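In full-length UniProt numbering, the protein residues as written are 1 to 279.
The beta-carbon is built from N, C-alpha and C at its ideal position, and this holds for glycine as well.
A quick note: this is a predicted structure, and the numbers were derived from the prediction, not measured.
To start, the structure under review is shown below, and the notes come after it.
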Ligand code: NAP
């Protein structure tokens with residue numbers, strides 16, 4: 001340990017990680033709040049993750065984000081785990097505590113809800129069933145946060161049905177599983193509709209779920225944010241739904257980490273959003 005003040009360091013560990021927009025987001029907040037800090041993208045192989053995580057605090061790191069493919073492994077390595085991260089089964093935000101312990105949290109669900117609250121102020125998760133497309137890593141955080149927000153029923157459909165069934169097993173009877181070929185049917189009366197699959201993302205397969213049953217009263221959110229206006233959101237907008245893109249979730253999920261590491265709760269504003277978009 002050194003006895004003089006250090007510039008606080010944080011970052012994001014993934015593989016690959018070069019595409020991450022988080023460094024730009026953190027740079028924007030550092031400038032806005034006059035904070036002397038750095039946020040560094042780190043491409044780390046799975047076998048090196050534990051060594052890296054145990055070493056970073058010695059180099060002045062106060063914490064780090066973890067992203068694909070390390071979210072589950074990071075939770076296994078952590079010494080102290082938040083209830084939310086344990087429930088979701090993955091971590092995305094690690095805090096290196098002064099006592100040497102690694103604290104793991106998951107802020108994806110927080111980011112998802114905060115994004116909807118900011119961009120669809122009239123959205124009420126309790127107002128009716130939610131429909132969730134996909135049952136991968138991100139879906140776990142979305143389901144946990146929708147349950148916590150009081151959604152009365154969560155319909156879920158995934159190409160690989162077993163993953164949706166596993167979520168129902170874990171999260172309980174408020175979840176109803178639909179076959180992937182029936183995914184369009186679960187939109188009937190749904191007031192919240194979320195795409196957590198990678199369908200519609202640049203370079204991935206096209207989004208083809210039929211939206212005929214979608215009601216104009218539904219609020220629709222896509223976790224995919226490249227492109228910002230996905231086919232799903234464009235079609236939902238044509239139906240008359242309120243639509244919210246996935247970039248806001250990315251920005252909001254970073255708020256708790258920034259606050260813990262740098263002592264300032266940052267705001268997600270239009271200026272920040274434009275900076276991250278490079279606009
Ligand atoms: P993941 O664990 O790999 O899950 C991928 C999901 O997409 C699974 O449900 C998978 O179904 C489904 N899928 C993939 N290809 C498909 C196809 N051709 N047809 C039907 N379903 C298909 O990934 P993840 O971490 O959950 O991430 C999912 C998406 O959310 C990604 O686009 C990611 O960038 C985005 N995301 C955004 C944010 C944000 O802040 N906005 C945060 C996290 C994730 P199977 O189970 O059948 O493979």
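About 7 Å separates the CB atoms of residue 78 and residue 94; that is less than 8 Å, so the two are in contact. In the structure shown, the three-state DSSP call for residue 207 is coil. The way I'd put it, the stretch 135–154 doesn't touch the stretch 232–246; fewer than three beta-carbon pairs between them come closer than 8 Å. Here the distance from the Cβ of residue 68 to the nearest heavy atom of the ligand NAP is below 8 Å.
When secondary structure is reduced to three states using DSSP, residue 202 falls in the coil class, being assigned neither helix nor strand. Between residue 7 and the set 119, 261 and 205, the nearest pair of CA atoms involves 261. As the crow flies, the alpha-carbon of residue 192 is around 18 Å from that of residue 208.
Counting C-beta pairs with one atom in each stretch, the stretch 122–133 and the stretch 180–189 have three or more that are closer than 8 Å, which means they touch. Going by DSSP, residue 105 is part of the beta strand (DSSP E) stretching over 102–105. Comparing alpha-carbon positions, the option among 63, 22 and 39 lying closest to residue 98 turns out to be 63. For residue 157, the enclosing beta strand (DSSP E) starts and ends at 154–157. Put simply, of 16, 127 and 166 the residue whose alpha carbon is nearest the alpha carbon of residue 150 is 127. About 6 Å separates the Cβ atoms of residue 25 and residue 251, confirming a contact at the 8 Å cut-off. Of the candidates 223, 203, 238 and 227, the residue whose Cα lies closest to the Cα of residue 211 is 238. Remark: the C-beta of residue 242 is outside contact range of the ligand NAP, defined as less than 8 Å to any heavy atom.
Using a C-beta cut-off of 8 Å, the stretch 65–73 makes contact with the stretch 85–94, since at least three inter-stretch Cβ pairs fall below that distance. Residue 107 places its beta carbon 9 Å or farther from that of residue 12. DSSP places residue 130 inside the beta strand (DSSP E), whose first and last residues are 130–133. Just measuring C-alpha positions, the residue of 32, 40 and 20 sitting nearest residue 270 is 32.
Under the three-state reduction of DSSP, residue 41 is assigned to strand.
Taking 8 Å as the cut-off, one finds no heavy atom of the ligand NAP near enough to the beta carbon of residue 272. By the neighbour-count criterion, in which 16 or more other beta carbons inside 10 Å mark a residue as buried, residue 169 falls on the exposed side. In this chain, the alpha helix (DSSP H) harbouring residue 33 covers 22–33. Distance from the CA atom of residue 268 to the CA atom of residue 278, rounded to whole angstroms, is 15 Å. Residues of the same chain with a CB within less than 8 Å of the CB of residue 59, apart from the 5 flanking positions on each side, are 9 in chain order.
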